[in-house]
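Asks: Below you will find the structure I want to go over with you.
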Amino acid sequence: MMMRQESLEKTVLSPFALLTAEDTAKMDQAAGDHLDSLMENAGRACADVFCEHVSSENSVLIAVGAGNNGGDGYVMAHYLKERGYQVAVAAWQPPKTELAQKASKRWAFEGKMVDFSVAEAGKYAWVIDGIFGAGFSSERLLPLEISTFFKAAKNLLAIDVPSGVASNDGKLCGDVADYDLTVTFTRKRPAHLLSPASRKCGFVEVREIGIPLEALSAVDVKIFYNQPGLWHLPLQAVGNGYNKYSRGVVSIVSGALMPGAACLSAEGARRSGAGIVRVASPKEALLPLFLRTPGLIVDLEPLEVLLQNPKSNVWVCGPGLTKEEASEAFQYFSSADVHLIADAGLLGMASGNPSCLKGVSLLTPHEGEFSRLFGTEGTFNLRENEGSRMVAALAGARLLNAVLLLKGEETIIASPDGRVAINTHATPALATAGSGDVLSGVAGTCLASGLEVWEAACAAAWLHGEAGRRAAKKEGGWPIAEDVARELGHARQAAEEAHRSR
């Protein structure tokens, strides 16, 4: 029976799902009579992970709170003692839930209780955090006594998330200690991927605990970890009828003064798989475009004419454009039935007036462009630990009814329908001029391949990150944008292999 339940966790719930506190609460409510066994499984899973990483010569202090996270801690203590560890429990507060009370009574009968004090925390080789768990929100503040207690520990393991971490948005709600290990159940939480919280969690282990079907079916997950499988790019095709148009057509608007940006965007599109890449160019940029990228199709016809081509239905506008050039180009897109990806100069044109970009399919701002576009107040505040990048990106997507890809330490891809993907598959080496231009071209390819806009943006973020990692490795850690573009074919291959292996 247990094996069947665990397989349900793999098949019913997306493997890329990230669970919010509200999702967990819904599952707990739907689990009903199963909660007792789920707590037992969770505590045992924590003990299993601990035993895999830490030998039994190490002493262990388990700090517990009043709720079910504390209950997991009492159960973990039981199994560690059973396996020969020297274990004690320190209660910050007495148990208040029925399940935690039951678990604490068993421990009181068989184990050792000590004071919740800094002195006790410093005596043990490892301290386990079972105080708050995933229900801790950014509206709360971590009590100083808890912060000082965990900072006195030599090594730390958290059950679900470290105390003081808001599991939904990754904020730090106080002076949070640095943890070595975190054990969570069924799926990761957003905080495990979102900075600054992700930097506090240490290595995160996910364990299945046999959640029943009715509980898994109770949640409608909206937040996901961006990986191949969340999206499916068309695999390399062969056979009759397959041609360059089958691979998609991407069109890019070039400026007169900085055509190199359009070249990089075009390189991103071509190397990530587009069959045809066209650049709408002013005459002044014709020679630089031809000299730099001879494989490009450069169109000198007026933009309003080019937009009438039914095969050119995915456009990138913004790389290398001045505000004036972007404004002139954008007037023709408002009545065109095409997918438009807005980047760089087009985003700058709309600074302080985001509503003028309604009708765009995808926006790809970095944090500076986002703040200039939407401002820095309220839900659009991106300052670390003040605002939430995920909340801000989702607010921007809903305001414009467009997908928004917010670049950064972890890239957020938000859809106006509420779906959010967190992409951590990247490298700091991507912080180089022109890298974002390459990304816009990759996004064009993914969109032209037939993916819907949110999935195309997710795929582009992952491919760009994979290419960046490969380029960094090849170039000694210091790639330039052209190096990133050259690795996109291998990145696409890696995505295809990951897809096939699932």
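Following the working numbering, the numbering of the sequence shown begins with -15 at its first residue and continues without gaps.
Even for Gly, the Cβ is constructed at its ideal location relative to N, Cα and C.
None of these values were measured; they are calculated from a predicted model.
1) Below 8 Å on the Cβ atoms is my guess for Glu189 versus Val33; work out the distance and round it to an integer in Å.
2) Under 6 Å Cβ to Cβ from Pro212, same chain only, skipping five residues before and after it: list those, please.
3) What are the complete beta strand (DSSP E) segments, minimum 3 residues, inside the segment 21 to 106?
4) Under 8 Å, with one C-beta from each stretch per pair, do the segment 195 to 204 and the segment 375 to 392 reach the 3-pair mark?
5) With a threshold of 16 other CB atoms inside 10 Å of the CB of Val298, please say whether the residue is buried or exposed.
6) Using the C-alpha atoms, what's the distance from Ala47 back to His323?
7) Given this structure, state the Cα-to-Cα distance separating Ala136 from Val102, to the nearest angstrom.
8) Let me confirm a value: Lys155 is counted as buried when at least 16 other C-beta atoms fall within 10 Å, else exposed. Which label applies?
9) Among residues of its own chain, excluding the 5 on either side of Thr4, which ones have a beta-carbon nearer than 6 Å to its beta-carbon?
10) Could you check what DSSP says for Trp299 in three-state terms: helix, strand or coil?
11) Hey, could you find the ends of the alpha helix (DSSP H) Thr132 is sitting in?
12) Can you name the residues that DSSP bridges to Leu212?
13) Excluding the 5 residues flanking Tyr209 on each side, which residues of the same chain have their C-beta closer than 7 Å to its C-beta?
14) Please list, in chain order, all residues of the same chain as Ser249 whose beta carbon is under 6 Å from its beta carbon, the five residues on each side excluded.
15) Kindly indicate which residue of Gly16, Pro146, Val44 and Pro286 has the alpha-carbon position closest to the one of Lys107.
16) Starting from Gly449, trace the alpha helix (DSSP H) both ways and give me its first and last residue.
17) Could you say which of Cys35, Ser39 and Ala31 lies nearest to Gly57 if we only look at CA atoms?
18) With a threshold of 8 Å on Cβ separation, who are the neighbours of Asp99 within its own chain once the five nearest residues in sequence on each side are excluded?
19) At the level of alpha carbons, what is the spacing between Leu140 and Met23?
20) Thinking Ala504 and Gly119 are a contact (beta carbons under 8 Å), I'd like their distance in whole angstroms, please.
21) Leaving out five residues before and five after Phe187 in sequence, what residues of the same chain have Cβ atoms less than 6 Å from its Cβ?
22) Can you give the beta carbon distance from Gly95 to Ala61, rounded, assuming they're within the 8 Å contact cut?
23) In terms of residues, what are the limits of the alpha helix (DSSP H) holding Asp421?
24) Beta carbon of Ala269, beta carbon of Ala253: below 9 Å?
25) Could you tell me if Glu353 is buried or exposed, where buried requires 16 or more neighbouring beta carbons within 10 angstroms of its beta carbon?
26) Using DSSP with H/G/I as helix, E/B as strand and the rest coil, what is Glu189?
27) If you check the beta carbons only, do Tyr357 and Leu431 fall under 9 Å apart?
28) Quick one: which unbroken beta strand (DSSP E) runs of 3-plus residues sit fully inside the segment 275 to 354? Chain order, please.
29) Starting from Asp401, follow the beta strand (DSSP E) in both directions and report where the run begins and ends.
30) Taking Ser238 as part of the beta strand (DSSP E), name the residues at either end of that continuous run.
Replies: Looking at the atomic coordinates:
1) The beta-carbon distance between Glu189 and Val33, rounded to whole angstroms, is 5 Å. This is short enough to meet the 8 Å contact definition.
2) Hits under 6 Å: Ala479, Ala482 and His483.
3) Listed in chain order, the complete beta strand (DSSP E) runs (minimum 3 residues) inside the segment 21 to 106 are 43 to 48, 70 to 75 and 96 to 98.
4) The segment 195 to 204 vs the segment 375 to 392: no contact.
5) Around the CB of Val298, 16 or more other CB atoms lie within 10 Å, so the residue is classed as buried.
6) Rounded to the nearest whole angstrom, the CA to CA distance from His323 to Ala47 is 54 Å.
7) Going from the Cα of Ala136 to the Cα of Val102 covers about 6 Å.
8) Lys155 is classed as buried because its beta carbon has at least 16 other beta carbons within 10 Å across all chains shown.
9) Closer than 6 Å at Cβ, skipping near neighbours: Asn152.
10) Trp299: strand per DSSP, three-state reduction.
11) Start and end: Leu128 to Lys135.
12) Correcting the residue type first, residue 212 is Pro in the shown sequence and not Leu. According to DSSP, Pro212 bridges with Trp215.
13) If we look at Tyr209 and ignore the five residues flanking it on each side, its Cβ neighbours are Phe0, Leu2, Lys172, Leu177 and Ile406.
14) So the list reads Ile236, Val300, Pro303, Asp421, Ser424 and Gly425, once near-sequence residues are dropped.
15) That would be Val44, whose Cα lies nearest to the Cα of Lys107.
16) Per DSSP, Gly449 belongs to the alpha helix (DSSP H) from Val437 to Lys458.
17) The shortest Cα separation from Gly57 among Cys35, Ser39 and Ala31 belongs to Ala31.
18) Excluding positions up to five away in sequence, the list reads Ala74.
19) Linking Leu140 to Met23 through their CA atoms gives a straight-line distance of about 21 Å.
20) Not covered by the structure: residue 504. The range shown for the chain is -15 to 486.
21) Listed in chain order, the non-local C-beta contacts of Phe187 below 6 Å within the same chain comprise Leu165, local neighbours out to five positions each way being set aside.
22) Yes, Gly95 and Ala61 are in contact; Cβ-Cβ is about 6 Å, under 8 Å.
23) From DSSP, the alpha helix (DSSP H) with Asp421 extends over Ser419 to Ala432.
24) 9 Å or more divides the Cβ of Ala269 from the Cβ of Ala253.
25) Around the Cβ of Glu353, a 10 Å sphere holds 16 or more other Cβ atoms; the residue is buried.
26) Secondary structure at Glu189: strand, using DSSP grouped into helix, strand and coil.
27) The identity of residue 357 in the sequence shown is Leu, whereas the question assumes Tyr. No, Cβ-Cβ distance for Leu357 and Leu431 is not below 9 Å.
28) The qualifying runs are 281 to 283, 298 to 301 and 323 to 326.
29) Boundaries cannot be given for Asp401, as no beta strand (DSSP E) includes it and DSSP labels it neither H nor E.
30) Careful: Ser238 lies outside any beta strand (DSSP E) and carries neither H nor E.
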